[in-house]
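Engineer:
Protein chains: 2
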Amino acid sequence: MSDCIFCKIADGEIPATVVFEDDELLAFEDVNPRAPVHVLIIPKEHLSTMNDPGPEHETLLGRMMLLASRIAKERGVSEGGYRVLVNCNADGGQEVFHLHMHVIGGRRLGPMA
Amino acid sequence: MSDCIFCKIADGEIPATVVFEDDELLAFEDVNPRAPVHVLIIPKEHLSTMNDPGPEHETLLGRMMLLASRIAKERGVSEGGYRVLVNCNADGGQEVFHLHMHVIGGRRLGPMA
């Protein structure tokens, strides 16, 4: 998607503070963090929302979840606690329409919705 | 886990309004819903928190995510929007220590953390 900011980050056209990268996934610091730890995990493949993955993305989604848990451990928030979430469309508060998972921690988080 | 409320729901010892069940997963209505749609998805296997899954749970976690998306569609909130999330430990607001994924929608949701 030529006009997608997260595709441009995945392509290296827009800089980001990358914390993990492999062939399928990229994780980077949220530029507007809501907590001391706020990392985004995206698939490099452009999927717009959580409505888009199909059975062929099962492993990809599982890998995103495991990476979220790993990042929480690496950042030292796994024992204190954190939240892993995906917002979908307007009611969910989705702001960038490239599927992304938030890993948020480092303080006592507020209500989940 | 003999004292785990979600294991008891998975075993049928405690009633719940089940919306999906197979060999690995169970989805049921949250008894204290935070929005018009509030469904919980659990693995039948007892995992306490998001810190516990290992590589052997990759497919399980991917299936949970796909089920979340499917439930949002079935409930008619996929286009309006929803949030999929897992809370881990105290800072995340985890209340039951059996890994569970929230699917929340049906209204404009508040801040994610």
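Chains A and B, in that order, are what the protein sequence lines are. Be aware that the first sequence starts at 69, since it is given in my numbering, and climbs by one per residue. Be aware that the second sequence starts at 69, since it is given in my numbering, and climbs by one per residue. Here a beta-carbon is modelled for each residue, glycine too, at the ideal position from N, C-alpha and C.
#1: Would you say the stretch 114 to 130 of chain A touches the stretch 117 to 136 of chain B, given that touching needs at least three Cβ pairs under 8 angstroms?
#2: Hey, ILE139(B) and VAL87(B) are a contact pair by Cβ (cut 8 angstroms); roughly how many whole angstroms apart?
#3: Which residues share a DSSP beta bridge with ILE109(B)?
#4: Along the stretch 96 to 125 of chain B, what residues have a CB closer than 9 angstroms to any CB found in chain A?
#5: Tell me the DSSP secondary structure of LEU177(A) in three-state form.
#6: To the nearest angstrom, report how far apart VAL105(A) and ARG176(A) are at their CA atoms.
#7: Using only alpha-carbon positions, find the residue among ASN155(B), GLY149(B), ARG143(B), PRO111(B) that is nearest to VAL145(A).
#8: Can you find a CB in chain B that lies within less than 8 angstroms of the CB of LYS141(A)?
#9: Determine the contact status of ARG102(B) and ALA181(A), defining contact as a CB-CB distance below 8 angstroms.
#10: Classify LEU115(A) as helix, strand or coil using the three-state DSSP reduction.
#11: Would DSSP call CYS75(B) helix, strand or coil?
#12: GLU89(A) lies in the alpha helix (DSSP H); which residues open and close that run?
#13: What residues in its chain sit with their C-beta under 8 angstroms from that of PHE165(B), if we drop five residues either side in the sequence?
#14: Have a look at the DSSP bridge pairing and note the partners of VAL152(B).
#15: So, does the CB of PRO83(B) fall closer than 8 angstroms to a CB anywhere in chain A?
#16: Below 8 angstroms on the Cβ atoms is my contact criterion, and I expect GLY174(A) with GLY160(B) to pass it. Report the Cβ-Cβ distance as a whole number of Å.
#17: When the Cα atoms are used, what is the spatial distance from ARG151(A) to ALA95(A)?
#18: First and last residue of the alpha helix (DSSP H) that includes GLU142(B)?
#19: Going along the stretch 142 to 166 of chain B in order, which residues come within less than 9 angstroms of chain A, judged by CB to CB distance?
#20: So is HIS168(A) in contact with chain B if we call contact Cβ pairs under 8 angstroms?
Structural biologist: With the given structure in hand:
#1: yes
#2: 6 angstroms
#3: ALA95(B), MET169(B)
#4: ARG102, ALA103, HIS106, THR117, MET118, ASN119, ASP120, PRO121, GLY122, PRO123, HIS125
#5: coil
#6: 12 angstroms
#7: ASN155(B)
#8: yes
#9: yes
#10: coil
#11: helix
#12: Premise fails: GLU89(A) lies in the beta strand (DSSP E), 86 to 89, not in any alpha helix (DSSP H).
#13: CYS72, SER116, THR117
#14: VAL154(A), VAL171(B)
#15: no
#16: With 8 angstroms as the limit, GLY174(A) and GLY160(B) do not qualify as a contact, their Cβ atoms being about 11 angstroms apart.
#17: 16 angstroms
#18: 126 to 142
#19: VAL145, SER146, GLU147, GLY148, GLY149, TYR150, ARG151, VAL152, LEU153, VAL154, ASN155, CYS156, ASN157, ALA158, ASP159, GLY160, GLY161, GLN162
#20: no
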